[in-house]
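Written below as structure tokens is the structure these notes are about.
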Amino acid sequence: MMRLIPTLFALVFLSACTGSESSEGQPAALSAGDVLQRSLQFHDPQDKWPGAALHFVIDEPRIENPERQSEVFLNNAKKTFSINRRYGQTLITRGIVGDSCYSMADSVLV
């Protein structure tokens, strides 16, 4: 499933460039919703994405911080997303719950 996420996003953008031809020889315009729907039908035919609960760690090395990592949590069923990242000794968390977003520093809302 994790390998499909970057591919899904890439195909969403690329499929907009490969629309079918209209009767005048011009590419037929697809709405963003159509592109997303087609991509989901192709990459998620069993409709697992709406209930996906994912946790992964992304290595993001920087010159000044070669060990930098981000920890990502995504739960589509609960409509939650969060990302944790350390800046020095401080843990910063940014997230979304439903339609609201939040930021925390060392587990304290800011």
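Residue 80 in the numbering used here sits at position 89 of the sequence shown, and the numbers go up by one each step. Heads up, the beta-carbon is just placed ideally off N, CA and C, and yes, glycines get one too. Since we're looking at a predicted model, the values are computed, not measured.
The three-state reading of DSSP puts PRO36 in coil, since its state is none of H, G, I, E or B. Within a 10 Å sphere around the beta-carbon of SER30 sit 16 or more other beta-carbons, which makes this residue buried. Shown here, VAL26 sits in a helix according to DSSP, grouped into three states. Per DSSP, reduced to three states, the secondary structure at PRO18 is strand. Of the candidates ILE49, PRO41, THR81, THR81 places its Cα closest to the Cα of SER98.
Annotated as distal: THR84 and SER91, with beta-carbon spacing of 8 Å or more.
Secondary structure note for SER98: it is in no beta strand (DSSP E), with a DSSP letter that is neither H nor E. Pairing ASN67 with ILE49, the inter-Cα distance amounts to about 19 Å.
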